[in-house]
Structures are given as C-alpha cells and as structure tokens.
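Colleague: I am attaching a structure below and will ask some questions about it afterwards.
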Amino acid sequence: MMSRKFLSGNEAFAEGIRLARPEVISAYPITPQTIVVERLSEMVEDGSLKAEYVHVESEHSALSCAIGASAAGARAFTATSSQGLLYMAECLYYAAGGRFPIVMMNADRSTALPWNIYGDQRDSLSQLDSGWIQAYAENAQEALDLALMSYKIAENKAVSTPFMANLDGFVLTHTYETVEIPDREQADRFLPPYETDNRIDFDDPKNMAFSAGPDTNYIFKYREHEGVLAAKAVIAETEKEFAEIFGRHYTGLTESYLTEDADYILITLGSIAGLCRETADKLRSRGVKAGVLRIRYMRPFPNEEIARELKNAKGYGVLEKDISFGNEGAVYTNVNSALKKAGLTIKGGNFIGGLGGRNISAADIEGIFAHIADGNDGVHFLGIGGSDNG
C-alpha cells in the first residue's frame, strides 16, 4: 500500500530514488540540491537503501564517478545545481556519448555573476545540447514519480541516454506538500534491476570511451541523436505502465490546460505553471479564452505537440526563467522552430522573468496575456518594461 508523507520537493525526489534502488550514489553538496544527497546518505546509513555512497571532492568528480559506475554495469545517481552543473559540463558530454543511462537531479538555480543562490533555469537550459534527456517537474509528487520513471526511460535499450530531472530551486526543492509514496513491491514491479551490455565485461571484452575520426564520429553522434528521439515513445510507454501500477497519470512531453478553444496560449515549464493555470481560470471568468501549455520535457523537444496545441490560437507567449544573452530565451527559440517546421504563422512574444529568483506574480501573468492579446511580439523582461524586437 502507498503511504503519505509531508515532504519537500528534494525529499520527495530522494524517496523516488530510494525506490529505484541505485547501486552507486556519488554526492557533492550545493545549495539548493544538498537535501537530496543528505536524505539518501541517511537511507544508506539506516539500511533502507543498499548502495555505495561516495562523497566526492567536486561536481566534476561526482559525474565522473557516476560514469565509472555505469560503465561497470551499476545503476548510478548524482545531483547538482547551478555552478556545479556548469563545472561538470565536460562530463555531461562523456556520459551522453558513452550512452550511460545515469540519472541526475538538478536543482535549477541562477548562475553567476552576480552570485545568487535562488532559482531560475539558466543552468539546465544552457546544457540542452549535451545529449541528455531533460524533464521539468512542477510539484513534489511529480518529482518523486519522475525519479522512478527516469531510470525506466533512460535504461531502455532503444534510448540508453542519461536523464536530467530538473526541480525549481527553493520554489519546489524547499516547499512542502503531501506526497504519495509507492510501496517497495510496486516499485520493484515497475522498475526491474538494471541490465546492460554497455559495460566492462572481462568475459566479453569491448572497446569503450574510444576515439573516432571524421569517417565514423558522425555516425556515433547520429545514433546518440536517435537515442534521444526514441525517448519520446518510451516516455509514453513508461507513463502508461506507471498509471497501471500506481494510478497516477502523466501526459507525455507536454501538459495542456484549456487549450482546445483558447485564443491565447501561454507556454512555460516548471513550478510556475500552476499560477499560470490559476490566471487562465480568472481570465476565462472575464470572457478571455486563455490557455496554458506546460512543457514537461525540453529534450526530446515536443515539436508536434506544440504545433498541434497552437494551430488554432490567435497568439501565444513563452514565459521562461532564462535568457540567451544577445538573442532571446532558449525555450522561445525552440517553440518558434516547432511552429516554423509545422508551417504555422502565429504572433508570439517572449517573456523573461524570475531571473535570480525574482518573483513572478499573478499580475505579471495577466499582463503577459494582455500583451499576447495586443499582438505584441519580441522579447519582454518582466518588471523592466520595454521590448527588444531584435
């Protein structure tokens, strides 16, 4: 039977990892991620999780350790945030290129300078090209469930790709809510022990982590690309099985709200989606046909889903907590590409907010919908005013 506990997002994710039975945990603390590896260390100490817990000397070492563990055939986990993710960036490409299905939680946090420990999404979105699957949780329950599903997705032989699960720093990592925790029997039925041919084997030696010249390198990169693309179907299969066992349903790469007849759709990701939905309800009560589309996965990117949801809209906006300096938000770039590939011409604006943890209010979101209705495009910074139309 499932149990219920009052947990923070970090604690909920740690519970999900416990149920996934990782064999090696490589840990280095950084705010606001630290609670995850602290709770896992307590689980290893009290015997509720049987794993090798390795306290390494840096974030670079944390992912290097996880790569080594995965190469030996072990299920591996690590976690990081912000500058820590940037410090291990070199290793992200090694993990993806080696097709090691490591799971890593990233507590989304602003990057320096100025130094800041609060939440935005510039850290993870800067690594979209590293070859990792990237998912964004909205709440603690989804965080726990994502921790368990991430291994099932990453370890599928058609995918064999590392998985980065992102939780908004402080807004999600440190806030508490009631969470349902599956029992051990359910979790083991859903996620069997890890098995892979992509490992060091003295009885069946193979070359791993080798060099490849121009004639073959691109083939390995194309296969890496295919692995991320294959994750789309595997995510759907995994969520279907998850619903059958645990009774909770998820919606694939995106989650739509009131988009069927919406004139104006706001696209976003992470924990801010809840306030966006509340604002859409308020606007609906005033006769404004507002809708919200939450991106759950940035990689693989939901091109078809976005085009399908927006095809009848009069206008759209993308609200995101990042900026690609000198251009626009990374999410907006990806959304525009999806619409272009689908042959859709819809006026849309990019709304940058929440940088360094700055609050995004319901009034801000109402203002975004007003901008969309007025047909304003370009890049807008919440609270600063003006628009950069490039």
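Numbering-wise (the working numbering), the sequence shown opens with residue 1215 and increments by one.
By construction, the Cβ of each residue, glycine as well, lies at the ideal position given by its N, Cα and C atoms.
With DSSP as the reference, please indicate the residues paired to R1508 in a beta bridge.
Modeller: For the purposes of this step, residue 1508 is identified with residue 294 of the sequence shown, where counting begins at 1. E1469 and T1482.
Colleague: Within the continuous beta strand (DSSP E) that includes M1318, where are the two ends?
Modeller: Taking the sequence shown and counting its residues from 1, the one referred to as residue 1318 is at position 104. It spans V1317 to D1322 - the beta strand (DSSP E) in which M1318 sits, taken as one unbroken run.
Colleague: Which residues mark the beginning and the end of the beta strand (DSSP E) in which I1347 is found?
Modeller: As a first step, residue 1347 must be located in the sequence shown, where it is residue number 133. I1347 -> beta strand (DSSP E) spans I1347 to Y1350.
Colleague: Any chance you could list the beta strand (DSSP E) runs of at least 3 consecutive residues sitting entirely within the stretch 1237-1281, in chain order?
Modeller: Within the stretch 1237-1281, the complete beta strand (DSSP E) runs of at least 3 residues are 1238-1241 and 1266-1269.
Colleague: Would the stretch 1361-1374 count as touching the stretch 1434-1450 if we require 3 or more Cβ pairs under 8 Å?
Modeller: A contact exists between the stretch 1361-1374 and the stretch 1434-1450.
Colleague: If I measure Cβ to Cβ from H1274 and keep anything under 8 Å in the same chain, skipping five residues before and after, which residues do I get?
Modeller: Here residue 1274 refers to the residue found at position 60 of the sequence shown. The answer, listed in chain order, is Y1301, M1302, E1304 and C1305.
Colleague: CB-CB under 6 Å to A1288, same chain, minus the five flanking residues each way: which ones, in chain order?
Modeller: For the purposes of this step, residue 1288 is identified with residue 74 of the sequence shown, where counting begins at 1. Closer than 6 Å at the Cβ level, and outside the excluded window around A1288, lie E1237 and V1238.
Colleague: Mind checking whether D1477 and K1435 have CB atoms under 8 Å apart?
Modeller: As a working note, residue 1477 is residue 263 in the sequence shown. As a working note, residue 1435 is residue 221 in the sequence shown. For D1477 and K1435, no; Cβs fall outside 8 Å.
Colleague: If you draw a straight line from the alpha carbon of E1440 to that of A1357, how long is it in whole angstroms?
Modeller: Indexing the sequence shown from 1 puts residue 1440 at position 226. Indexing the sequence shown from 1 puts residue 1357 at position 143. Each residue's alpha carbon lies about 26 Å from the other.
Colleague: Using the C-alpha atoms, what's the distance from T1294 back to A1283?
Modeller: Residue 1283 sits at position 69 when you count from the first residue of the sequence shown. Residue 1294 sits at position 80 when you count from the first residue of the sequence shown. If you take the alpha carbons of A1283 and T1294, they lie about 17 Å apart.
Colleague: Could you name the residues of the same chain whose beta carbon sits closer than 8 Å to that of V1268, not counting the 5 residues immediately before and after it, in chain order?
Modeller: Locating residue 1268 in the sequence shown gives position 54, counting from the first residue. Hits under 8 Å: V1238, I1239, S1240, A1241 and C1279.
Colleague: Tell me which residue opens and which closes the alpha helix (DSSP H) that D1337 is part of.
Modeller: Counting from 1 along the sequence shown, the entry for residue 1337 is found at position 123. That run of the alpha helix (DSSP H) goes R1336 to L1339.
Colleague: With A1293 as the anchor, note down where its beta strand (DSSP E) starts and where it stops.
Modeller: Position 79 of the sequence shown, counted from the first residue, corresponds to residue 1293. A1290 to T1294 is the extent of the beta strand (DSSP E) around A1293.
Colleague: Flag this pair as yes or no: are the beta carbons of V1506 and A1487 separated by less than 8 Å?
Modeller: Within the sequence shown, the letter at position 292 stands for residue 1506. Within the sequence shown, the letter at position 273 stands for residue 1487. Result yes, Cβ atoms of V1506 and A1487 sit closer than 8 Å.
Colleague: Could you please give the first and the last residue of the uninterrupted alpha helix (DSSP H) stretch that includes F1227?
Modeller: Residue numbering aside, residue 1227 sits at position 13 when the sequence shown is read from its first letter. Its alpha helix (DSSP H) spans residues G1223 to A1234.
Colleague: Bridge partners for T1392 per DSSP, in chain order?
Modeller: If you number the sequence shown from 1, residue 1392 lands on position 178. Note: T1392 sits in a beta bridge opposite F1220.
Colleague: Output needed for E1259: all residues of its chain with C-beta closer than 6 Å, excluding positions within five of it in sequence on either side, in chain order.
Modeller: Position 45 of the sequence shown, counting from 1, holds the residue named residue 1259. Excluding sequence neighbours, E1259 sits near nothing in its chain.
Colleague: When you compare only the Cα positions, how much space is there between M1422 and L1360?
Modeller: Residue mapping note: residue 1422 aligns to position 208 of the sequence shown, counting from 1. Residue mapping note: residue 1360 aligns to position 146 of the sequence shown, counting from 1. Cα to Cα, the separation comes out at about 29 Å.
Colleague: Could you work out which residue in S1470, E1458, A1379 and I1479 is closest to E1630 when comparing CA atoms only?
Modeller: No answer is possible for residue 1630: it lies beyond the span of the chain, which begins at 1215 and ends at 1604.
Colleague: Just list the alpha helix (DSSP H) runs in the stretch 1497-1554, keeping only unbroken ones of 4 residues or longer that don't cross its boundaries, in chain order.
Modeller: DSSP runs (the alpha helix (DSSP H)) wholly in the stretch 1497-1554: 1517-1524.
Colleague: I'd like the list of long-range same chain contacts for K1219, defined as Cβ closer than 7 Å, with 5 residues on each side in sequence excluded.
Modeller: Counted from its first residue, the sequence shown places residue 1219 at position 5. Result list for K1219: V1393 and I1395, in chain order.
Colleague: Give the straight-line distance between the Cα atoms of A1226 and L1233, rounded to the nearest whole angstrom.
Modeller: As a first step, residue 1226 is located in the sequence shown; it is residue number 12 there, counting from the start. As a first step, residue 1233 is located in the sequence shown; it is residue number 19 there, counting from the start. Their backbone Cα atoms lie some 11 Å apart in a straight line.
Colleague: Going by DSSP, which residues form a beta bridge with K1561?
Modeller: Position 347 of the sequence shown, counted from the start, is the residue given in the question as residue 1561. The partner list for K1561 (beta bridge, DSSP) reads G1529.
Colleague: Between the stretch 1542-1562 and the stretch 1310-1320, can you find at least three pairs of beta-carbon atoms closer than 8 Å?
Modeller: Not touching, per the Cβ criterion.
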